[in-house]
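Each remark here refers to the structure printed beneath this line.
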Amino acid sequence: MNGQPQPEPMPKKSCMVTLMFEIKDDSEAMALKKVIDDHVKNIDKKRYT
Numbered sequence: 004m005n006g007q008p009q010p011e012p013m014p015k016k017s018c019m020v021t022l023m024f025e026i027k028d029d030s031e032a033m034a035l036k037k038v039i040d041d042h043v044k045n046i047d048k049k050r051y052t
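Numbering (the working numbering), first residue to last: 4 to 52.
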């Protein structure tokens, strides 16, 4: 429509996971978030079906 790619549809099955860690400061929290985000993005789509 406006030249931007359409987002992929949400998977039919999904889950939300909440992780709680004791951290020293915001920089440690952001580093941990990046590690988790990078790994979650690399989950094969076939695991959702």
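All C-beta atoms in this analysis are idealised placements derived from N, C-alpha and C, irrespective of residue type, glycine included.
| Check | Outcome |
| --- | --- |
| Endpoints, the alpha helix (DSSP H) within which Asp-29 is located | 29-44 |
| Through-space distance from Leu-35 to Met-23, alpha-carbon basis | 11 Å |
| Through-space distance from Gln-7 to Asp-40, alpha-carbon basis | 24 Å |
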